[in-house]
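Each residue of the sequence shown is one higher than the one before, counting from 115 in my numbering.
Idealized CB from N, CA, C, for every residue including glycine.
In this text, all values refer to a predicted model and were calculated from it rather than measured experimentally.
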Amino acid sequence: MDLSERPAATMKLVGGRLFLDFINTSGGRRRDPSDRKANSDAVIILGEKLKDYFDLLAWSRHANLISEADLQTIIREARRRESEASSVLERALVLREAGYRICMAILGERGPEEADLVILNREITVARCHERLAAASDGYVWEWTSERAELDRMLWPVALSGAELLTAGDLTRIHACGGEDCGWLFEDSSRNRSRQWCTMQDCGNVAKVRRFRTRLRSTGKG
Ligand SMILES: [Zn+2]
């Protein structure tokens, strides 16, 4: 099974942190116009990239969370353990949306929903259960225990990346792309904190063209 052509395997990883790249697997997001609750982050997902478990695998290989050799093993296992694979996908989507809402709460300078923290904590606990201290040539390192092909293994580093972002990251550097129907999250690591777009080639360019057209129109040249 070749997963390399799937949209999930070709998407840009521009979040600056694994957890944010994972959140961006939603594709674009648009604010849900039917939701009128104050402070609501209800969104409509446009162009979902994780439509089945194999999409999640494709993204995980793309994000280098799984080696090519392990990928083939996991593909075989996922075909054999179909219902387990779909529950991993479900967990992934639940984690992703909780992560999104937590980040949006940070952007809105609000506290997170307790339920979202519970979801993230649950996945962090699972991840930590799979960590093992190992001796390396120049000291000690954390390794993943992987005696068998665990179908949820890509969620472990994702959850820990989320924990690290929230505890050790600079939360004031988390931003949502201002592009229309984008909403991708990224960590702005630019020195003067000037990053506005997921990528300059995509949303940045669209905005530039729009500004240019507006300028032409206002000078009567459009
Ligand atoms: Zn964007």
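{"Check": "Quick one: Cα of Lys126 to Cα of Arg331, how far?", "Outcome": "33 angstroms"}
{"Check": "Mind checking who His289 pairs with in its DSSP beta bridge?", "Outcome": "Phe300"}
{"Check": "According to the Cβ coordinates, are Leu134 and Leu274 closer than 7 angstroms?", "Outcome": "no"}
{"Check": "If you follow the alpha helix (DSSP H) that Glu278 is part of, which residue opens it and which one closes it?", "Outcome": "Leu269 to Ala282"}
{"Check": "DSSP three-state call for Val157: helix, strand or coil?", "Outcome": "strand"}
{"Check": "Please determine, among Arg287, Tyr167, Ile188 and Gly293, the residue with the shortest C-alpha to C-alpha distance to Val323.", "Outcome": "Gly293"}
{"Check": "Could you please give me the residues that DSSP links to Trp311 through a beta bridge?", "Outcome": "Paired residues: none, contrary to the question."}
{"Check": "For the pair the segment 255-271 and the segment 186-206, tell me if three or more CB-CB distances fall below 8 angstroms.", "Outcome": "yes"}
{"Check": "List the DSSP bridge partners of Tyr254.", "Outcome": "Ala249"}
{"Check": "Express the C-alpha separation of Asp116 and Arg74 in angstroms, rounding to a whole number.", "Outcome": "It is not possible to answer for residue 74, since the shown part of the chain is limited to 115 through 336."}
{"Check": "Apart from the five residues on each side of it in sequence, which residues of its chain come closer than 7 angstroms, Cβ to Cβ, to Gly141?", "Outcome": "Ile159, Leu160, Gly161, Glu162 and Lys163"}
{"Check": "Pick from Glu301, Glu196 and Gln315: whose alpha carbon is nearest that of Leu221?", "Outcome": "Glu301"}
{"Check": "Can you tell me where the beta strand (DSSP E) with Arg143 in it begins and where it stops?", "Outcome": "Gly142 to Arg145"}
{"Check": "Got a sec: does ligand 1 put a non-hydrogen atom nearer than 6 angstroms to the Cβ of Trp270?", "Outcome": "no"}
{"Check": "Cys312: beta carbon under 6 angstroms from a heavy atom of ligand 1?", "Outcome": "yes"}
{"Check": "Name the two residues that bound the continuous alpha helix (DSSP H) containing Gly213.", "Outcome": "Glu196 to Leu221"}
{"Check": "Could you pull out every residue in the same chain whose Cβ sits closer than 8 angstroms to the Cβ of Val202, ignoring the five residues on either side in sequence?", "Outcome": "Tyr167, Leu170, Leu265, Asp266 and Leu269"}
{"Check": "Hey, Val240 and Ala248 are a contact pair by Cβ (cut 8 angstroms); roughly how many whole angstroms apart?", "Outcome": "Their Cβ separation, rounded to whole angstroms, is 20 angstroms, which puts Val240 and Ala248 out of contact at 8 angstroms."}
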